[in-house]
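Add 1 to the 1-based position in the sequence shown for the working numbering, that's all there is to it.
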Amino acid sequence: MRSIGLALSGLVLAALLTFGRPGVVVLPSMPNGAWTVRIGSATFDVTLGPRVVRAQSARQTGFIGESERERWARDLLAALGNQQPTRETVGLVVAWQSAENTGAAFNPLATTQPADGATCWNSLPSMLCGVKSYTTYEQGLQATIETLSNGFYPNILTGLQSNNPEQALNVDELDVWGTGFELVKSQYGLLMSQPAPSVGKSEIVPGMEINAGFYDTGSVWCFQSAVCQHLGTDIAGADGQEVLAPFSGTCIETGSYPEGGSTAGQYVRYALADGSEVYLGHLREALNCMAGTSLLAGQAVGLIRADMLHTHFQIKDAAGTLIDPFEYWKKH
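See below:
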């Protein structure tokens, strides 16, 4: 994209004024090109083709990029009641986002659902305001859920809820949505033709240096009682260093560490697919964990504290028993 000034802005203004908003207008022949145009405080992506100018708002802060599509898909499916989506169902939602390829904020499926504070990202011929840019991640998810649940998309909705992507790939309903069946089907086929990724995991801090191991009775951080066993593994890190999720899972909560008062910092707790729970404590700040949302292995969940220089790593198995987290990590 290239930036241009008032000379080309007149062409864009013609497009905008024709509709009173971003849109399309036919003009005399002009050179082809792709441009970024600023008019006042507004920024528009403009495509110039033979006798055509297309103008729509530039990508917004908060647009869901390729690296975030799987997380958004899992969060949408969880909100629809599908807590254990298959690879195929997640893949369909990712492929649908890819087919839309919108730059609207927090709106990767390009819904037009109204919401408080939402702004127009583009226009449609039959609407004063088309695809919306939403103010928050949660608002965008809710708007998408409301659209899917409005009665026009029963097969898409049921297919996503029941891990039946074939049902969700409904010709009529995807055409009504506006993405188009053929485009979504093509993107889905391309994605599913790729090898299935292995179950991912990540080092919590690069190097996974252990300060104190599980059941280390001599740990200086073992303050639960005068005689205690260290019920986790302390992973060393530098002040302000990111703490990464060791596995993918679903966030349960964040909060302040219960023992030792405020000096022990914050924590993140999240669930794994096998029913286990991960706990990462002694954080200066918890990140990217809101109850019910997805976490991906390697995603930052907190920052190391200057007065701790480690994170306390715990795992409870599905029965609620504390187990050696480092051994679990090595085996999975």
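Using N, Cα and C, we set each Cβ at its ideal position, and we do this for glycine too. This structure is a prediction, so every number in the text was calculated from the model and none was measured.
* Asp240 beta carbon less than 7 Å from that of Arg307 -> Arg is not the amino acid found at residue 307; the sequence shown has Ala there. The Cβ-Cβ distance between Ala307 and Asp240 falls below 7 Å.
* Asked: Could you give the residue range of the alpha helix (DSSP H) that holds Thr90?
  -> Residues 88–101.
* **Collapsed DSSP secondary structure at Arg70 in the structure displayed** => Three-state DSSP puts Arg70 in a helix.
* Measure the C-alpha to C-alpha separation of Gly266 and Phe153 and round it to an integer number of angstroms. => Straight-line Cα distance between these residues: approximately 48 Å.
* Asked: For Asp173, does the count of other Cβ atoms within 10 angstroms reach 16, so buried, or fall short, so exposed?
  -> Result: exposed.
* Cutoff 6 Å; reference Asn156; Cβ partners in own chain excluding five residues on either side -> Counting only Cβ-Cβ distances below 6 Å, and skipping sequence neighbours, we find Gln168, Asn171, Glu174.
* **Between the CA atoms of Cys290 and Tyr329 - distance to the nearest angstrom** => If I take the Cα positions, the gap works out to 22 Å.
* Taking 7 Å as the CB-CB limit, is Asn164 close to chain B? -> Judged by its chain identifiers, the structure shown contains no chain B, having just a single protein chain.
* **Rounded separation between Arg70 and Thr87 - CA only** => Using only the alpha carbons, I get a separation of about 15 Å.
* **His333, buried or exposed, once every other Cβ within 10 Å from all chains shown has been counted against 16** => Exposed is the call here.
* Any idea what DSSP makes of Thr180, helix, strand or coil? -> Here Thr180 sits in coil by DSSP.
* Mind checking Asp235: buried by the 16 CB within 10 Å criterion, or exposed? -> That one is buried.
* To do: Kindly indicate which three-state DSSP category Arg306 falls into: helix, strand or coil?
  => Secondary structure of Arg306 (DSSP, three-state): coil.
* Does the beta-carbon distance from Thr145 to Val132 come in below 7 Å? -> The beta carbons of Thr145 and Val132 sit no closer together than 7 Å.
* **Option in Thr312, Phe248, Asn83 with minimal Cα separation from Ser163** => Ranked by Cα distance from Ser163, the first of Thr312, Phe248, Asn83 is Asn83.
* To do: Give the secondary structure of Gln315 by DSSP, where H, G and I count as helix, E and B as strand, and everything else as coil.
  => Reduced to three states, the DSSP call for Gln315 is strand.
* When you compare only the Cα positions, how much space is there between Leu93 and Leu296? -> CA-CA distance, Leu93 to Leu296, rounds to 19 Å.
* **Close beta carbons around Phe215, own chain, < 6 Å, minus the five adjacent residues each side** => Spatial neighbours of Phe215 in its own chain (CB-CB distance under 6 Å, excluding positions within 5 residues in sequence) are listed in chain order as Thr234, Asp325.
* By DSSP, does Leu78 sit in helix, in strand, or in coil? -> Note: Leu78 maps to helix in three-state DSSP.
* To do: Please confirm whether Asp76 and Thr294 have their CB atoms less than 7 Å apart.
  => Using a Cβ distance threshold of 7 Å, Asp76 and Thr294 count as a contacting pair.
* Mapping DSSP to helix, strand and coil, what is Ile245? -> At residue 245 the sequence reads Leu, which differs from the Ile that was named. Leu245 falls in the strand class under three-state DSSP.
* To do: Measure the CB-CB distance between Leu161 and Ala100 and report whether it falls below 7 Å.
  => Taking 7 Å as the Cβ cut-off, Leu161 and Ala100 do not qualify as a contacting pair.
* Quick one: residues in its chain with C-beta nearer than 7 Å to the C-beta of Gly181, no 5 flanking neighbours on either side, listed in chain order? => The answer, listed in chain order, is Leu175.
* Determine the closest residue to Met209 out of Met193, Lys186, Gln242, Gly190, with distance taken between C-alpha atoms. => For Met209, the nearest C-alpha among the options comes from Gln242.
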